[in-house]
Every structure is written in C-alpha cells, then in structure tokens.
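Peer 1: Residue numbers (the working numbering): 3 to 333. Cβ atoms here follow ideal geometry from the backbone N, Cα and C, with glycine treated the same way. On a predicted model such as this, the values are computed, not experimentally measured, just so you know. Take this structure first; my questions come after.
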C-alpha cells in the first residue's frame, strides 16, 4: 500500500537535546552535475548546524575535507549502517540512485528524498532547479513522509530457500538465454493460474507500475492503491493478460523442469540470482515499506502528466483553438 502518514509539518524529533540533526547524502558521483549539487547540500546543511554524513568513497570523489565544515562531515565505510541516526537521506541522481538508497535505508526505514538529475525520475520529489527550496525545506523540517508498499522475494530450489531479498519497484523472472523461451507456471495463493512460454514475468508494486511494469504493457496504478501487478513478458500464450491481485496475495512463479536453459531473477534491475529449471520464486507484500519524503501534496495525476509530458488537450484541443480563431472568438 501507499500510506500517506499523518505527520505534522515538523516531523517528530526523538533525538536527545545535545544530539545534532543528521542527514545522509548519497550522490551519483560519476556525474559532474551531481557532484556540484552534492557539494551545495553539504555546504548549506552544515551551515545551518546539521551534520552531514557521507560514504567515505563518495566523499573522496567529491574531494571534500570533512574538517573544513562546522559541524564536521561524518564519514562511514558501511552502507548497512550509513543511515543510522539520520533524519533522512538525500539522494542526488535518478531513479536508479533512489533504488540504491532504498537498499541502504531499508532496515532502518530512514526517509528518502530524491533530487532528480536523471530522465523521468518518478521516485524523485525535487528537480535540479529546486535545490535551494529543497534545502530550505529540510532545514525548516517542512516535509512529510509517505510509506510505499514493497515486495519480499524468495527463491527456492528443491524446496530449499536459496535467496531472499526485497524490491521497491518489481521482481522479474526472465529467460537467461536470448534464443530460447522460458516456460513458467504462475500460481496465486497456492492455486495454479496459467502456464506460458516467453521472455518471463514481472511482479510489480504500485510504485513500480510506472517502471518495468509500464514498459511490459502493465497498468499504471495510483500509489494509494493496495495491489500487486503481474505482467507476462512477450508471452506465447492465449491467456497472457496483465493482472492485478490483492496485496495479501502470494504470487509464485515456477521455472518448469523441462526448460532447456535457466532463468534469472531480477529485483529492481539491481540485484539478480540465477534460476535453474525447477526453481520456484515467491513474491509477497514486504514486511517493511520504503519511506519517501514529500515536500508538497501534489496529486499523482499531476505527477503523471508532468513526468510523461502528457497532453491534456490532445489534437482535438488544438483543432478547437483553430476553429475559434477562424470565428474570431480569440485573438
């Protein structure tokens, strides 16, 4: 589900009185633009007395001296503990960087604020031109958080659990060999649904409905909807429609024993695991959501129109304007 938490303008602050505020900053440091924006965040946040934490490798690429700032920049070598004690995580880059931040913060549920320097940036809350306003909102704690449904993903071989992870956008079971189809059976809540051969199947969250799910022909699902999506990929079958199931459902995808090649499990396009014939993948609602920072209560419809550049007038609107000009109704 996507739950919009009823959080006041200033989030609850459980820090001891003598403990400063902390913000983790993650950046796509291979891009000069991202490095410049990251340095701006470090300079401005520390200038307001907020401790900034960086991964040591990223601080080196940003060419920052931690002691030049007051308070000093904190460095860490551990991604697993990077967000410990942090109020939020600022991510500078595209959706791929935000998905990486979700991995870093998943165990601690640290809110993630994305600053988009990529193409679409559906997960991002701010654009490059919004940097100054975003810094002000962080300093003044003028933001809320929103919990988004995730997936828990488990792979079994011979009944034995061999891999477990989570996904924010989707878990996909795909063929490993380009020249061969992958034969799978899909099961919902312990009951077989359909078998097909093809390129695989995508299991997506509402958040991920605008990502791989969208490219595969699945439906766009508003974030407030509690549901899981199942979309066959290039299936050679009579029944291969996108499906939407309850958030409480357990989706299982079995790689049939008769396959002449193996499959591969991908989660958010970032983590993968090889699947031999006979492997079984179970996908269910995640025990932990991903927590996104919201700076404004913009409707998802507006975000969809802006991110995809949708025309709300269409060709009919243009024709109507031409007709009105011909009639002299408008200049």
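Between the C-alpha atoms of residue 7 and residue 240, what's the straight-line distance to the nearest angstrom?
Peer 2: Low confidence applies to residue 7: its pLDDT is 35, below 50, so where it sits in the model is not reliable, and the reading given next is rough at best. So the alpha carbons of these two residues sit roughly 42 Å apart.
Peer 1: Count the other CB atoms within 10 Å of the CB of residue 99; is the residue buried (16 or more) or exposed (fewer)?
Peer 2: So residue 99 ends up on the buried side.
Peer 1: Using the Cβ count rule (16 or more neighbours within 10 Å means buried), how would you classify residue 11?
Peer 2: Confidence at residue 11 is low in this model, with a pLDDT of 41, below 50, so the placement of that residue should be treated as unreliable; the coordinate-derived value is given next. Exposed: under 16 other Cβ atoms inside 10 Å.
Peer 1: Would you say residue 186 and residue 255 are within 8 Å of each other, going by their C-beta atoms?
Peer 2: Contact flag set, yes.
Peer 1: So, under 8 Å CB-CB, residue 207 and residue 170 are touching, yes? Tell me the CB distance rounded to an integer number of Å.
Peer 2: Yes, they are in contact, since the Cβ atoms of residue 207 and residue 170 sit about 7 Å apart, within 8 Å.
Peer 1: CA-CA distance, residue 14 and residue 81?
Peer 2: Its pLDDT being 46, under 50, residue 14 is placed unreliably by the model, and the measurement read from it follows with that caveat. Each residue's Cα considered, the two are about 25 Å apart.
Peer 1: Using CA atoms only, rank isn't needed, just tell me which of 52, 194 and 29 is closest to residue 41.
Peer 2: Residue 41 has its Cα closest to that of 29, out of 52, 194 and 29.
Peer 1: Could you tell me the distance, in whole angstroms, from the CA atom of residue 167 to the CA atom of residue 152?
Peer 2: Computed Cα separation, rounded: 11 Å.
Peer 1: Between 210, 314, 63 and 233, which has its C-alpha nearest residue 271's C-alpha?
Peer 2: Of the candidates 210, 314, 63 and 233, the one whose C-alpha sits nearest the C-alpha of residue 271 is 210.
Peer 1: Would you kindly check if the distance between the Cβ of residue 93 and the Cβ of residue 75 is under 8 Å?
Peer 2: Taking 8 Å as the Cβ cut-off, residue 75 and residue 93 do not qualify as a contacting pair.
Peer 1: Return the bridge partner residues of residue 91 from the DSSP annotation.
Peer 2: DSSP, once it has assigned bridges, lists 26 and 114 as partnering residue 91.
Peer 1: When burial is assigned at 16 or more other CB atoms within 10 Å of the CB, is residue 284 buried or exposed?
Peer 2: Classification of residue 284: buried, given that the 10 Å Cβ count is 16 or more.
Peer 1: Buried or exposed for residue 174, going by 16 or more other Cβ atoms inside 10 Å?
Peer 2: Per the 10 Å Cβ criterion, buried.
Peer 1: Rounded to the nearest angstrom, what separates residue 353 and residue 165 at their Cα positions?
Peer 2: Lying outside 3 to 333, the shown extent of the chain, residue 353 is not represented and no answer is given.
Peer 1: When the Cα of residue 238 is compared with those of 259, 202 and 192, which residue comes out closest?
Peer 2: The shortest Cα separation from residue 238 among 259, 202 and 192 belongs to 202.
Peer 1: Quick test of your reading: residue 140 and residue 25, contact by CB under 8 Å. State the CB separation rounded to the nearest angstrom.
Peer 2: Indeed, because the Cβ distance is near 7 Å, the residues count as touching under 8 Å.
Peer 1: For residue 224, collect the residues of the same chain with a Cβ closer than 7 Å to its Cβ; drop the 5 residues on either side in sequence, then sort them by chain order.
Peer 2: Only 208 and 302 meet the Cβ criterion.
Peer 1: Secondary structure at residue 243, three-state DSSP: helix, strand or coil?
Peer 2: Correct three-state label for residue 243: coil.
Peer 1: Do you know offhand how far residue 214's Cα is from residue 329's?
Peer 2: Looking at the two C-alpha atoms, the distance is approximately 47 Å.
Peer 1: Pop quiz: residue 292 and residue 150 are said to be a contact at Cβ under 8 Å. What is the actual Cβ separation, rounded to whole angstroms?
Peer 2: Correct: roughly 5 Å between the Cβ atoms.
Peer 1: Taking the straight line between their C-alpha atoms, what separation do you get for residue 67 and residue 61?
Peer 2: So the alpha carbons of these two residues sit roughly 8 Å apart.
Peer 1: Of the choices 132, 63, 230 and 204, whose alpha-carbon is the least far from that of residue 219?
Peer 2: For the residues 132, 63, 230 and 204, the minimum Cα distance to residue 219 belongs to 204.
Peer 1: Go ahead and pull the three-state DSSP assignment for residue 327.
Peer 2: Looking at residue 327 - three-state DSSP - the assignment turns out to be helix.
Peer 1: Compute the Euclidean distance between the alpha carbons of residue 46 and residue 39, then round it to the nearest angstrom.
Peer 2: Roughly 11 Å between the two C-alpha positions.
Peer 1: In this structure, how does DSSP classify residue 220 when only helix, strand and coil are distinguished?
Peer 2: Residue 220: coil per DSSP, three-state reduction.
Peer 1: Is it buried or exposed for residue 163, if we count other Cβ within 10 angstroms and need 16 for buried?
Peer 2: Exposed, by the Cβ-count rule.
Peer 1: To the nearest angstrom, how far is it from the Cα of residue 113 to the Cα of residue 297?
Peer 2: Roughly 12 Å between the two C-alpha positions.
Peer 1: Where residue 51 and residue 84 are concerned, what is the direct C-alpha to C-alpha distance, given to the nearest angstrom?
Peer 2: So the alpha carbons of these two residues sit roughly 19 Å apart.
Peer 1: Could you name the residues of the same chain whose beta carbon sits closer than 6 Å to that of residue 71, not counting the 5 residues immediately before and after it, in chain order?
Peer 2: Closer than 6 Å at Cβ, skipping near neighbours: 48.
Peer 1: Look up residue 2 in the DSSP assignment and say whether it is helix, strand or coil.
Peer 2: With the chain covering 3 to 333 only, the question about residue 2 has no answer from this structure.
Peer 1: Check the C-beta distance from residue 87 over to residue 118 and give it rounded, since I have them as a contact under 8 Å.
Peer 2: That pair is no contact at about 26 Å.
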